[in-house]
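Student: Please find one structure pasted underneath; my questions will follow.
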Amino acid sequence: MNEAANYIKHQQKKIKELVEERDDLKRFSSSDNSNIKNSSSSCSQNYVTVHTCCSGVEVTVRSGPSDRVLPLSMVLGALAEEGLSANICTSTRVNENTFYAIQSEVYLCFLIKRYFFLVLGFVLFSFSQS
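Letter by letter, the sequence shown follows residues 78 to 207 in my numbering.
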């Protein structure tokens, strides 16, 4: 019983942290800094744009010539580190440019559902014991 209470507190703390990160992402994407330009030369440029969407963010990446393409694995890894999962990922190549579009969902929905069912199970267990 005590372990369940500790687990719930731990999950509440994680949810709070994820909510704060989500809010930071929303503030970042709504600011003028939502377009990030990363270039080392005029012929080789990577543009990253982040926008909020229904339940997470949409990331679009445009990379220059193939020897300077931003690896998709690096973008997906960065999203995972921020608690985002890639739901839809598309890429295309036009002339010398590579384009990625990634729609990500915050894990928060999953955590809230898990927390709800944990609490529901705890309540049902307590009810059955009385």
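All residues carry an ideal CB built from backbone N, CA and C; glycine is no exception. Treat the numbers as computed from the prediction; the structure is a model and nothing was measured.
What residues are listed by DSSP as bridge partners for R139?
Tutor: Y124 and F176
Student: Can the beta-carbon of T175 be found closer than 8 Å to that of S181?
Tutor: In this structure, S181 does not lie closer than 8 Å to T175 by Cβ.
Student: On the DSSP bridge assignment, give the partners of S150 in chain order.
Tutor: BP columns for S150 are empty, so no partner.
Student: Reducing DSSP to helix, strand and coil, say where E97 ends up.
Tutor: helix
Student: So which of A163, G133 and Y124 has the shortest CA-CA distance to P142?
Tutor: Of the listed residues, the one whose Cα sits closest to P142 is Y124.
Student: Thinking just about the alpha-carbon of each residue, which of R170, V171 and H128 is nearest to the one in D100?
Tutor: H128
Student: So who's on the other strand from I165, going by DSSP bridges?
Tutor: Q180
Student: With DSSP as the reference, identify every bridge partner of G160, one or two as the case may be.
Tutor: According to DSSP, G160 bridges with nothing at all.
Student: Any idea if G133 is buried or exposed, counting beta-carbon neighbours within 10 angstroms, 16 or more meaning buried?
Tutor: It is buried - the Cβ of G133 has at least 16 other Cβ atoms within 10 Å.
Student: Roughly how many whole angstroms lie between the Cα atoms of N172 and A178?
Tutor: 17 Å
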